[in-house]
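Undergrad: I'd like to ask you about the structure that follows.
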Amino acid sequence: MKILVTGCAGFIGMHVAHRLLEAGHEVVGIDNLNDYYDPALKHARLERLRPYAGFAFRKMDIADAAGVQALFREHAFPRVVHLAAQAGVRYSLENPHAYVDSNVTGFLNVLEGCRHHGCEHLVFASSSSVYGANRKLPFSEHDHTDHPVSLYAATKKANEMMAHTYSHLFGLPTTGLRFFTVYGPWGRPDMSAFLFTRAILEGRPIDVFNHGDMERDFTYVDDIVEGVVRVLEAIPVGDPQADMTRPDPARSTAPYRLYNIGNHQPVPLLQFIEILEQTLGRKAVRNLLPMQPGDVRATFADVDDLRSAVGFSPGTPLKEGIRRFCEWYRSYYRIEQ
């Protein structure tokens, strides 16, 4: 079928589009190719997709309401994978308007396109950041997420609520996926694996926040893609047994679902750094710093609902994932061992 992938030049978007093309689908990809990080990396990702006859690219900003609606009128996509967003927790403290423009207004434009042009299922990226100040681990979709600690998290929470509204009012099937600390080849330069690898290879110190007392549920990108592709075919239906006198965030009488996608094995940050050091064959110079505003100490995904719904949960070992990332990094930047 013909599938729209927004943010197709992004880290996860490129991998998802590639997987769908390999499976024989047509993919229309859109991306605004902004300069939040090096656009050359985004163009290089696109070059991996261009050889496929079933791939078409449009440079477009999802905040452009008229452009998005025209695209939906032209193609009437039966499936939409919405991954475009202004990413980054820390950047949201500096440029809040970019997050509302892209993550709220842009998402509304995608919802409107799906509503008016026969979309059968919208799968959209949420984030583990929505758990915010929650301290109960592991994080479950059935927990309430009412205490975000960054504007980025608040916009992702807003996406979930907006999607539920469209599912309730218009019967649009929507599924939100809460990604947990994604890493792997073609990753984002503002993420820890990329930042640390670059600094270690260049002999510069790495910034280690909260003095290293942090844990993350690092999730390899291929596992994220597998989850996205499986969920895309699992079109939600309303749950008539949902008890709205005792609301559960993960259950609804509307055709709406939420799933965590995480490795469900949180790793101490210092252990992550040690594995990187071993893989790169170099020691890191650690610059220990206090916790950054908007950060949380630990993330840990409960993936029971994902496993029950689509028969899959992430499981790539961290050492293997880091090895693949470091191989890609050396190859892409032409760095010899």
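Taking my numbering, the leading residue of the sequence shown gets 3, the next gets one more, and so forth. Heads up, the beta-carbon is just placed ideally off N, CA and C, and yes, glycines get one too. Computed from a prediction, not measured in an experiment: that's the story for all the values here.
1) What residues match up with proline 270 in a beta bridge as DSSP calls it?
2) For methionine 16, count neighbouring C-beta atoms within 10 Å of its own C-beta (all shown protein chains included) and say buried if the count is 16 or more, exposed if not.
3) Could you tell me which uninterrupted beta strand (DSSP E) segments, each at least 3 residues in length, are contained entirely in the region 8–43, listed from first to last along the chain?
4) Taking only runs that begin and end inside the region 60–125, name each unbroken beta strand (DSSP E) of 3 or more residues, in chain order.
5) Nearest-angstrom Cα distance between phenylalanine 274 and glycine 323?
6) DSSP on arginine 288, reduced to helix/strand/coil?
7) By DSSP, does threonine 177 sit in helix, in strand, or in coil?
8) How far does the beta strand (DSSP E) with isoleucine 226 in it reach, from first residue to last?
9) Distance, Cα to Cα, alanine 67 vs glutamate 96?
10) Cα separation between glutamate 28 and tyrosine 54?
11) Thinking just about the alpha-carbon of each residue, which of Val70, Phe182, Phe314 and Ile202 is nearest to the one in leucine 113?
12) Which whole-angstrom value is the C-beta distance of methionine 193 and arginine 81, which I expect to be below 8 Å?
13) Please state the DSSP three-state secondary structure of asparagine 136.
14) Verify whether the separation of the beta carbon atoms of histidine 119 and histidine 77 is less than 9 Å.
15) By a C-beta neighbour count over all protein chains shown, 10 Å radius and 16 as the cutoff for buried, is valine 239 buried or exposed?
16) Buried or exposed for valine 287, please, with buried defined as at least 16 other CB atoms from any protein chain shown within 10 angstroms of its CB.
17) Counting only the same chain and skipping the five closest in sequence on each side, list residues whose C-beta sits under 7 Å from that of serine 142.
18) Just mark glutamate 228 as buried or exposed, buried being the case when its beta carbon has 16 or more other beta carbons within 10 Å.
19) In this structure, how does DSSP classify threonine 312 when only helix, strand and coil are distinguished?
20) If you compare alpha carbons, which of Ala165, Leu320 and Ile64 is closest to proline 270?
21) Give me the residue from Thr247, Ser130, Gly178 and Ala195 with the minimum Cα distance to tyrosine 331.
22) Could you spell out the range, first to last residue, of the beta strand (DSSP E) harbouring arginine 259?
23) What residue range is occupied by the uninterrupted beta strand (DSSP E) comprising isoleucine 208?
24) In its own chain, which residues sit with a C-beta less than 8 Å from the C-beta of asparagine 111, not counting the 5 before and 5 after it?
25) When you compare each of Val230, Ser128 and Gly56 to leucine 23 by their alpha carbons, which one comes out closest?
26) Mind checking whether leucine 179 and isoleucine 263 have CB atoms under 9 Å apart?
27) With DSSP run on the structure shown, which of helix, strand or coil describes phenylalanine 196?
28) For arginine 21, which residues of its own chain have a beta-carbon under 7 Å away from its beta-carbon, when the five flanking residues on both sides are left out?
29) Measuring CA to CA, which of Phe181, Asn105 and Arg52 is closest to serine 94?
30) Looking only at its chain, what residues have a beta carbon closer than 6 Å to the beta carbon of isoleucine 149, apart from the 5 residues adjacent to it on each side?
31) May I have the straight-line CA-CA distance separating leucine 124 from valine 233, to the nearest angstrom?
32) Is it the case that the Cβ atoms of cysteine 328 and threonine 281 are separated by a distance below 9 Å?
33) Suppose the cutoff is 6 Å on Cβ atoms and the five residues either side in sequence are ignored; what does the same chain contact list for threonine 199 look like?
34) What residues are listed by DSSP as bridge partners for leucine 6?
TA: For this structure:
1) Within the sequence shown, the letter at position 268 stands for residue 270. BP columns for proline 270 point to Glu217.
2) For the purposes of this step, residue 16 is taken as residue 14 along the sequence shown, with counting starting at 1. The residue is buried, with at least 16 neighbouring Cβ atoms inside 10 Å.
3) 28–33
4) 81–84
5) Position 272 of the sequence shown, counted from the first residue, corresponds to residue 274. Position 321 of the sequence shown, counted from the first residue, corresponds to residue 323. Roughly 11 Å between the two C-alpha positions.
6) Numbered from its first residue, the sequence shown carries residue 288 at position 286. Assignment of arginine 288 by DSSP, reduced to helix, strand and coil, places it in the strand class.
7) Looking up residue 177 in the sequence shown gives position 175. Note: threonine 177 maps to strand in three-state DSSP.
8) Taking the first residue of the sequence shown as position 1, residue 226 is located at position 224. No beta strand (DSSP E) contains isoleucine 226, which is instead part of the alpha helix (DSSP H) from 223–235.
9) Here residue 67 corresponds to residue number 65 of the sequence shown, with the count starting at 1. Here residue 96 corresponds to residue number 94 of the sequence shown, with the count starting at 1. The straight-line gap from Cα to Cα measures roughly 25 Å.
10) As a working note, residue 28 is residue 26 in the sequence shown. As a working note, residue 54 is residue 52 in the sequence shown. Each residue's alpha carbon lies about 9 Å from the other.
11) Taking the sequence shown and counting its residues from 1, the one referred to as residue 113 is at position 111. Minimum Cα distance to leucine 113 is reached at Val70.
12) In the sequence shown, counting from the first residue as 1, residue 193 sits at position 191. In the sequence shown, counting from the first residue as 1, residue 81 sits at position 79. No, methionine 193 and arginine 81 are not in contact; Cβ-Cβ is about 27 Å, not under 8 Å.
13) Against the sequence shown, residue 136 aligns to sequence position 134. Of the three classes helix, strand and coil, the one that applies to asparagine 136 here is coil, per DSSP.
14) Here residue 119 is taken as the residue at index 117 of the sequence shown, counted from 1. Here residue 77 is taken as the residue at index 75 of the sequence shown, counted from 1. Contact flag set, yes.
15) As a working note, residue 239 is residue 237 in the sequence shown. It is exposed - the Cβ of valine 239 has fewer than 16 other Cβ atoms within 10 Å.
16) What you label residue 287 is simply residue 285 of the sequence shown in a count that begins at 1. Using a 10 angstroms sphere on the CB of valine 287, the tally of other CB atoms stays under 16, which defines it as exposed.
17) Working through the sequence shown from its first residue, we reach residue 142 at position 140. The residues are Asp304.
18) Taking the sequence shown and counting its residues from 1, one reaches residue 228 at position 226. Counting C-beta atoms within 10 angstroms of its own C-beta, glutamate 228 has 16 or more neighbours from the protein chains shown and is therefore classed as buried.
19) Position 310 of the sequence shown, counting from 1, holds the residue named residue 312. One point to set straight first is that residue 312 is valine, not threonine, in the sequence displayed. Three-state DSSP puts valine 312 in a helix.
20) As a first step, residue 270 is located in the sequence shown; it is residue number 268 there, counting from the start. Nearest option by C-alpha distance: Leu320.
21) Here the question's residue 331 lines up with position 329 in the sequence shown. Per the Cα distances, Ala195.
22) Counting from one through the sequence shown, the residue named residue 259 turns up at place 257. Counting along the chain, the unbroken beta strand (DSSP E) around arginine 259 starts and ends at 258–263.
23) On the sequence shown, position 206 is the one that residue 208 refers to. Counting along the chain, isoleucine 208 sits inside the beta strand (DSSP E) bounded by residues 208–210.
24) To locate residue 111, count along the sequence shown from 1; it is residue 109. Ile64, Ala65, Asp66, Ala67, Val70 and Gln71, listed in sequence order.
25) To locate residue 23, count along the sequence shown from 1; it is residue 21. Taking only the C-alpha atoms, the option nearest leucine 23 is Gly56.
26) The residue given as residue 179 occupies position 177 in the sequence shown. The residue given as residue 263 occupies position 261 in the sequence shown. Their beta carbons are under 9 Å apart, which means leucine 179 touches isoleucine 263 by this criterion.
27) Residue mapping note: residue 196 aligns to position 194 of the sequence shown, counting from 1. In the structure shown, phenylalanine 196 sits in a helix (DSSP, three-state: H, G or I).
28) In the sequence shown, the residue the question calls residue 21 occupies position 19. Once the five neighbours on either side are set aside, the close Cβ partners of arginine 21 are Val227 and Val231.
29) By 1-based counting over the sequence shown, the position of residue 94 is 92. When only C-alpha atoms are compared, the closest one is Asn105.
30) Walking along the sequence shown from the start, residue 149 turns up at place 147. Per the sequence shown, the amino acid found at residue 149 is histidine instead of isoleucine. Same-chain partners within the cutoff: Gly134 and Ala135.
31) On the sequence shown, residue 124 is found 122 positions in, with the first residue counted as 1. On the sequence shown, residue 233 is found 231 positions in, with the first residue counted as 1. Cα to Cα, the separation comes out at about 10 Å.
32) Translated into positions along the sequence shown, residue 328 becomes position 326. Translated into positions along the sequence shown, residue 281 becomes position 279. Yes, these two residues count as a Cβ contact at 9 Å.
33) Taking the first residue of the sequence shown as position 1, residue 199 is located at position 197. If we look at threonine 199 and ignore the five residues flanking it on each side, its Cβ neighbours are Tyr331.
34) Mapped onto the sequence shown, residue 6 falls at position 4. In the DSSP assignment, leucine 6 forms a beta bridge with Val30 and Val82.
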